[in-house]
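S.K.: Pasting in a structure now, in structure tokens, and then I'll have a few things to ask.
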Amino acid sequence: MASSSSSPLAQVYYSQVWKYHVFISFRGEDTRKTFVDHLYTALVEKGIYTYKDDETLSPGELIGASLMKAIEESQIAVIVFSKNYANSSWCLNELACIMKCRKMKGQIVMPIFYDVNPFEVRKQKRKYGEAFANQELENKKKIKSWRQAFLDDPWGWLSAPREQIWKLQEALARHELENKTKIDSWRRALVDASNISGWEPQHIANGHESKSIKNIVDTISRRLHPINSSVD
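Per the numbering used here, the very first residue in the sequence shown carries number 24; after that it's consecutive.
Next comes the structure, spelled out in structure tokens:
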């Protein structure tokens with residue numbers, strides 16, 4: 024890896040107090056029991072305090088809120104882009120939060136392209152293109168079903184107060200706009216993250232995973248600023 028990237032807001036970055044050294048964003052079904060498991064183990068053995076949802080969450084914690092808070096409290100975010108990463112709205116929400124933290128808090132972002140290349144992520148091709156096409160199709164189906172419910176009960180709606188009809192129309196329009204805004208933010212986050220220099224493990228040490236993980240962990244270790252880290 025030639026370099027990783029953080030925001031130019033250096034003063035903000037150096038004044039931050041972080042709870043975690045590293046947050047790993049990944050698609051569980053692709054890498055949880057393989058690459059990410061090996062990466063997490065190597066980081067912990069190196070003394071790097073790492074947030075990985077199935078290892079760090081406490082029983083009873085609200086997953087969504089805890090994950091976003093952990094992202095904000097991490098000095099480095101490692102994003103493991105894999106074939107099915109973009110199929111998960113959860114992963115894409117994490118990604119959008121990470122890129123926001125990079126911009127606003129100076130968080131260091133380190134992408135790993137696992138069995139995908141940066142071009143696929145940047146241009147949303149192949150699996151990434153299919154994922155967004157499916158997201159947009161599902162949203163259209165949802166809107167269509169709502170509109171159909173309206174048409175299936177014309178007499179009910181004709182007798183409804185005009186204000187109630189307006190509220191329904193406003194809700195449909197708002198949902199469409201919010202969904203478009205969300206998808207646009209995911210697309211921008213994918214472009215921005217894939218433009219950061221990262222690793223392609225299959226191209227490191229002839230594809231030897233253990234060597235690529237050592238390379239990644241050593242680079243992360245060099246980028247940490249332990250004086251500014253706060254581990255509870």
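All C-beta atoms, glycine included, are put in the ideal place defined by N, C-alpha and C.
Predicted model, so just to flag it, every value in this text is computed and none were measured.
Going by C-alpha distance, which of E223, Q192 and V59 is nearest K167?
M.R.: Q192
S.K.: I need the DSSP call for P134, collapsed to helix, strand or coil.
M.R.: strand
S.K.: When we look at the beta-carbon of S97 and count the other beta-carbons within 10 Å, is it buried (16 or more) or exposed?
M.R.: Burial state of S97 is buried, judged by a 10 Å Cβ sphere holding 16 or more other Cβ atoms.
S.K.: Counting beta carbon pairs with one atom in the stretch 101–110 and one in the stretch 46–60, are three or more of them shorter than 8 Å?
M.R.: yes
S.K.: Pull up the CB-CB distance for L90 and L213, whole angstroms please, since I reckon it's below 8 Å.
M.R.: Rounded, the Cβ-Cβ distance is 18 Å, inconsistent with contact.
S.K.: Determine whether the beta carbon atoms of Y137 and T54 lie at a separation below 8 Å.
M.R.: yes
S.K.: Excluding the 5 residues flanking R145 on each side, which residues of the same chain have their C-beta closer than 6 Å to its C-beta?
M.R.: V214 and S217
S.K.: Out of E52, K128, R246 and T73, state which residue places its alpha-carbon closest to the alpha-carbon of V40.
M.R.: Nearest in C-alpha terms to V40, of all of E52, K128, R246 and T73, is K128.
S.K.: In chain order, what residues of the same chain have a beta carbon less than 8 Å from the beta carbon of E232, not counting five sequence neighbours either side?
M.R.: Cβ within range, chain order: F58, H61 and P224.
S.K.: Taking only the alpha-carbon atoms, compute the straight-line gap between E143 and A109 and give it to the nearest angstrom.
M.R.: 11 Å
S.K.: Could you tell me the alpha carbon to alpha carbon distance between N157 and K164, rounded to whole angstroms?
M.R.: C-alpha separation (whole angstroms): 10 Å.
S.K.: Taking Cβ positions, are L247 and I71 nearer each other than 8 Å?
M.R.: Less than 8 Å divides the Cβ of L247 from the Cβ of I71.
S.K.: If you draw a straight line from the alpha carbon of D14 to that of A93, how long is it in whole angstroms?
M.R.: Past the edges of the chain, shown from 24 to 255, lies residue 14, and the structure says nothing about it.
S.K.: On the DSSP bridge list, what partners appear for F46?
M.R.: Y74 and A100
S.K.: Can you check which of these residues, M133, L195, K237 and K203, is closest to Q171 by C-alpha distance?
M.R.: The shortest C-alpha separation from Q171 is found at L195.
S.K.: DSSP state of T242, grouped into three classes?
M.R.: Reduced to three states, the DSSP call for T242 is helix.
S.K.: Looking only at its chain, what residues have a beta carbon closer than 7 Å to the beta carbon of D255, apart from the 5 residues adjacent to it on each side?
M.R.: Any reading at D255 needs caution, since the residue's pLDDT is 45, under 50, leaving its predicted position unreliable; the model's value is listed next. So the qualifying residues of the chain are K42.
S.K.: Out of K234, G87 and N202, point me to the one whose CA is closest to L160's CA.
M.R.: N202
S.K.: Return the CA-CA distance between C124 and V132, expressed in angstroms with no decimal places.
M.R.: 9 Å
S.K.: Short of 8 Å in beta carbon distance, which residues of its chain neighbour G230, apart from the five on each side in sequence? Order them along the chain.
M.R.: P224
S.K.: Counting only the same chain and skipping the five closest in sequence on each side, list residues whose C-beta sits under 7 Å from that of I236.
M.R.: H61, L62 and A65
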